[in-house]
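Asks: Numbering (UniProt numbering), first residue to last: 1 to 358. I'd like to ask some things about the structure below.
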């Protein structure tokens, strides 16, 4: 029988203590009134989860447009938790760590998985380097790429790690290459109730890699006329989810992410994916950076490079891995990038700090 959102698994624990449905309501009120800011967010979500409504209001990150609030059915969140639990073998009593903010869907789903699957959940304050008890072992944790980078040397205490919310750089992949836990990059969004596909990042046999995302069960994929991913996941959404992610589909359940349709640059009639250029440059530029296109009288659009930090000279070998049409025509420096509330680079707002026309 499929669990319901209005039930709390009897093996669920929060910070080492068992709570039933009614007890959890009291704990939530306590967090809201007396907790630290991250605990207040946890309390607010628990109150939303335990109320009489069959949905919760979730805010999107705003990385590709204005943040918006959407309704997500609680049962869809339960279904997502079950799928993740099955895929990663999260059986009752296993220990999980949540160091993501509870006001976004990724952090909310860590809580829902514990409630539904009967997991033992520890919460720590979200930060670039979460402060956890290194003597404690965990079966499962979710990180942002920055957290994974900073936490790489402590990973031996966690069996399985998922990472999402941004690009996982080659530098991060090198840091986790031979680490004990299995690390997976996830693909998903608020509308899909976190991830609907995963890609393994480490512990490969010699000369092996995995460049494709593999969808989780009960997820079908296709493409629209733009080449963007279309997702059908009846357990998560009543409607098809049409994304702005350009992909290459390799089989019924495998796809390669190429970039965002919103970010495509048409320079002299050639379509360029900023994300592909960024992938080629990431080992050559230590600072945060991104590629974008701005208006140009000759080319229609030209490729430019935006780097966070103090202005400096870039040697030409930096661009040796790029095709001629991929090489930036301009390089700009910005002291501090604008970010979304979830910590992602906000390209458009950052670009507005420069005196260029996009």
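Beta carbons: idealized from backbone N, C-alpha and C, even for Gly.
Which residues does DSSP pair with residue 387 in a beta bridge?
Replies: The question about residue 387 has no answer here: the residues shown for the chain are numbered 1 through 358.
Asks: Skipping 5 residues on each side, what residues in its chain have a beta carbon closer than 6 Å to that of residue 270?
Replies: The residue you call residue 270 lines up with position 270 of the chain shown. Answer for residue 270: 325, listed in chain order.
Asks: List in chain order: all unbroken beta strand (DSSP E) runs of 3+ residues lying wholly within the region 307-343.
Replies: With a minimum length of 3 residues, the continuous beta strand (DSSP E) runs that stay inside the region 307-343 are 330-334.
Asks: With DSSP as the reference, label residue 225 as helix, strand or coil.
Replies: Your numbering for residue 225 matches position 225 in the chain shown. In this structure, residue 225 counts as coil in the three-state DSSP scheme.
Asks: Sorted by chain position, which residues of the same chain lie with C-beta nearer than 6 Å to residue 28's C-beta, five sequence neighbours on each side aside?
Replies: Against the chain shown, residue 28 aligns to sequence position 28. If we look at residue 28 and ignore the five residues flanking it on each side, its Cβ neighbours are 43, 46, 47.
Asks: Between the C-alpha atoms of residue 274 and residue 351, what's the straight-line distance to the nearest angstrom?
Replies: Counted from its first residue, the chain shown places residue 274 at position 274. Counted from its first residue, the chain shown places residue 351 at position 351. Straight-line Cα distance between these residues: approximately 14 Å.
Asks: Under 8 Å between the Cβ atoms of residue 201 and residue 230?
Replies: Residue 201 sits at position 201 when you count from the first residue of the chain shown. Residue 230 sits at position 230 when you count from the first residue of the chain shown. Their beta carbons are not under 8 Å apart, which means residue 201 does not touch residue 230 by this criterion.
Asks: Following the continuous alpha helix (DSSP H) through residue 137, name the residue where it begins and the one where it ends.
Replies: By one-based count along the chain shown, residue 137 stands at place 137. Run containing residue 137: none; DSSP gives neither H nor E here.
Asks: Taking the straight line between their C-alpha atoms, what separation do you get for residue 175 and residue 149?
Replies: Taking the chain shown and counting its residues from 1, the one referred to as residue 175 is at position 175. Taking the chain shown and counting its residues from 1, the one referred to as residue 149 is at position 149. Between residue 175 and residue 149, the C-alpha separation is close to 7 Å.
Asks: Pull the bridge partners of residue 197 from the DSSP assignment, please.
Replies: For the purposes of this step, residue 197 is identified with residue 197 of the chain shown, where counting begins at 1. Looking at the DSSP assignment, residue 197 forms a beta bridge with 187, 215.
Asks: Among residues of its own chain, excluding the 5 on either side of residue 268, which ones have a beta-carbon nearer than 6 Å to its beta-carbon?
Replies: Walking along the chain shown from the start, residue 268 turns up at place 268. Excluding positions up to five away in sequence, the list reads 299.
Asks: Kindly identify the DSSP beta-bridge partner or partners of residue 276.
Replies: Indexing the chain shown from 1 puts residue 276 at position 276. According to DSSP, which records beta bridges pairwise, residue 276 is partnered with nothing at all.
Asks: Kindly list the residues whose CB is nearer than 8 Å to the CB of residue 32, restricted to its own chain and excluding five residues on each side of it in sequence; keep chain order.
Replies: In the chain shown, counting from the first residue as 1, residue 32 sits at position 32. Once the five neighbours on either side are set aside, the close Cβ partners of residue 32 are 40, 43, 44, 47.
Asks: Could you compute how far the alpha carbon of residue 315 sits from the alpha carbon of residue 329?
Replies: As a position in the chain shown, residue 315 is number 315, starting the count at 1. As a position in the chain shown, residue 329 is number 329, starting the count at 1. Between residue 315 and residue 329, the C-alpha separation is close to 14 Å.
Asks: Just to confirm before moving on: does the CB-CB distance between residue 124 and residue 110 stay below 8 Å?
Replies: To locate residue 124, count along the chain shown from 1; it is residue 124. To locate residue 110, count along the chain shown from 1; it is residue 110. No, they are not a contact pair.
Asks: Have a look at residue 293 and residue 302 and give me their C-alpha separation to the nearest angstrom.
Replies: As a working mapping, residue 293 is identified with position 293 in the chain shown. As a working mapping, residue 302 is identified with position 302 in the chain shown. Roughly 5 Å separates the two Cα atoms.
Asks: Under 6 Å Cβ to Cβ from residue 115, same chain only, skipping five residues before and after it: list those, please.
Replies: As a first step, residue 115 is located in the chain shown; it is residue number 115 there, counting from the start. Hits under 6 Å: 8, 12.
Asks: Assign residue 53 to buried or exposed, taking buried as 16 or more other Cβ atoms, counted over all protein chains shown, within 10 Å of its Cβ.
Replies: Counted from its first residue, the chain shown places residue 53 at position 53. Classification of residue 53: exposed, given that the 10 Å Cβ count is below 16.
Asks: Between the beta-carbon of residue 232 and the beta-carbon of residue 225, is there less than 8 Å?
Replies: Along the chain shown, one-based indexing puts residue 232 at 232. Along the chain shown, one-based indexing puts residue 225 at 225. Result no, Cβ atoms of residue 232 and residue 225 do not sit closer than 8 Å.
Asks: Reducing DSSP to helix, strand and coil, say where residue 44 ends up.
Replies: Translated into positions along the chain shown, residue 44 becomes position 44. It is helical.
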